[in-house]
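Asker:
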Amino acid sequence: MDISLFISLNKVAFEPIFNFKHAHELLQKWLDFFPYLAIGYIILVFGGQKIMKKRDPFDLKYLVAMWNLSFSVYSLISAYFLLPNILEIYKNKGVLSLYCKNDDYYTNQTTGYWIYLFAISKTYELGDTLFLVLRKKPVIFMHWYHHILTNYIAVLSYVRLTAWPRLSVFLNLSVHGIMYL
35 MDISLFISLN
45 KVAFEPIFNF
55 KHAHELLQKW
65 LDFFPYLAIG
75 YIILVFGGQK
85 IMKKRDPFDL
95 KYLVAMWNLS
105 FSVYSLISAY
115 FLLPNILEIY
125 KNKGVLSLYC
135 KNDDYYTNQT
145 TGYWIYLFAI
155 SKTYELGDTL
165 FLVLRKKPVI
175 FMHWYHHILT
185 NYIAVLSYVR
195 LTAWPRLSVF
205 LNLSVHGIMY
215 L
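In my numbering, the protein residues as written are 35 to 215.
1) Express the C-alpha separation of residue 87 and residue 169 in angstroms, rounding to a whole number.
2) Going by other Cβ atoms of all chains shown within 10 Å of its Cβ, with 16 needed for buried, is residue 203 buried or exposed?
3) Let's test the definition: count the other Cβ atoms within 10 Å of the Cβ of residue 23 and tell me whether it reaches 16, buried, or not, exposed.
4) So residue 64 and residue 173 are in contact, right, with Cβ under 8 Å, and what is the actual spacing, rounded?
5) Only counting runs of 4 or more residues, tell me where the alpha helix (DSSP H) segments fall wholly within the segment 61-136, in order along the chain.
6) In the DSSP assignment, the alpha helix (DSSP H) including residue 165 goes from what residue to what residue?
7) So is residue 207 buried or exposed if we call it buried at 16+ other beta carbons inside 10 Å?
8) Just the C-alpha distance for residue 137 and residue 144, rounded to the nearest angstrom, thanks.
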């Protein structure tokens, strides 16, 4: 079987015509909204825990399983489509270029689309915390601090078109792909 056909079919299925300008403008506007999101998230963490003190924990076993599976699948698919770019840059330009040159990383139809989804996904990952709160599980400082910080850094890096996330995003997606299984 010719693997290039498989990759081509997957690109058609997973990558609509990507509009970098629209994506960039949307995430620039999102940065203005971020302080409100962060405050709302912190209220969810602490206010939600206070509300749940007098309630029984919700049984969300199947919903959490589906949530985790969807994030795992998304993460592995994203990593799959970002890997060829990383290997090409490493092979042709070396490891330093992975962190210091963004070339067309954000505007390329493939990498641009998947890195955009990555930036957006960090907001959806805040849902992990809601599940912890509703199931009366501990929400440690490192959990909520990590979610706020990575959410902001992912979007800010996209808006500023920084080069360093190329490898970091791939590693994050790969780890989450396995971790959420």
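Ideal Cβ positions, reconstructed from N, Cα and C, are used throughout, including at glycine.
Note that the structure is predicted; figures quoted are calculated from it, not measured.
Answerer: The relevant details are as follows:
1) The sequence position of residue 169 within the sequence shown is 135, counting from 1. The sequence position of residue 87 within the sequence shown is 53, counting from 1. Between the C-alpha atoms of residue 169 and residue 87 there is a straight-line separation of about 11 Å.
2) For the purposes of this step, residue 203 is taken as the residue at position 169 of the sequence shown. By the neighbour-count rule (16 or more Cβ atoms within 10 Å), residue 203 is buried.
3) An answer regarding residue 23 cannot be provided, because it is not within the stretch 35 to 215 covered by the chain.
4) Taking the first residue of the sequence shown as 1, we reach residue 64 at position 30. Taking the first residue of the sequence shown as 1, we reach residue 173 at position 139. The pair is not a contact, with the Cβ atoms about 24 Å apart (cut-off 8 Å).
5) Every alpha helix (DSSP H) of 4 residues or more that sits fully in the segment 61-136 is shown, in chain order, as 95-127, 129-134.
6) Start at 1 with the first residue of the sequence shown, and residue 165 comes out as number 131. Where residue 165 is concerned, the enclosing alpha helix (DSSP H) starts and stops at 161-168.
7) If you number the sequence shown from 1, residue 207 lands on position 173. By the neighbour-count rule (16 or more Cβ atoms within 10 Å), residue 207 is buried.
8) The count along the sequence shown starts at 1 and reaches residue 137 at position 103. The count along the sequence shown starts at 1 and reaches residue 144 at position 110. Approximately 13 Å, taken between the alpha carbons.
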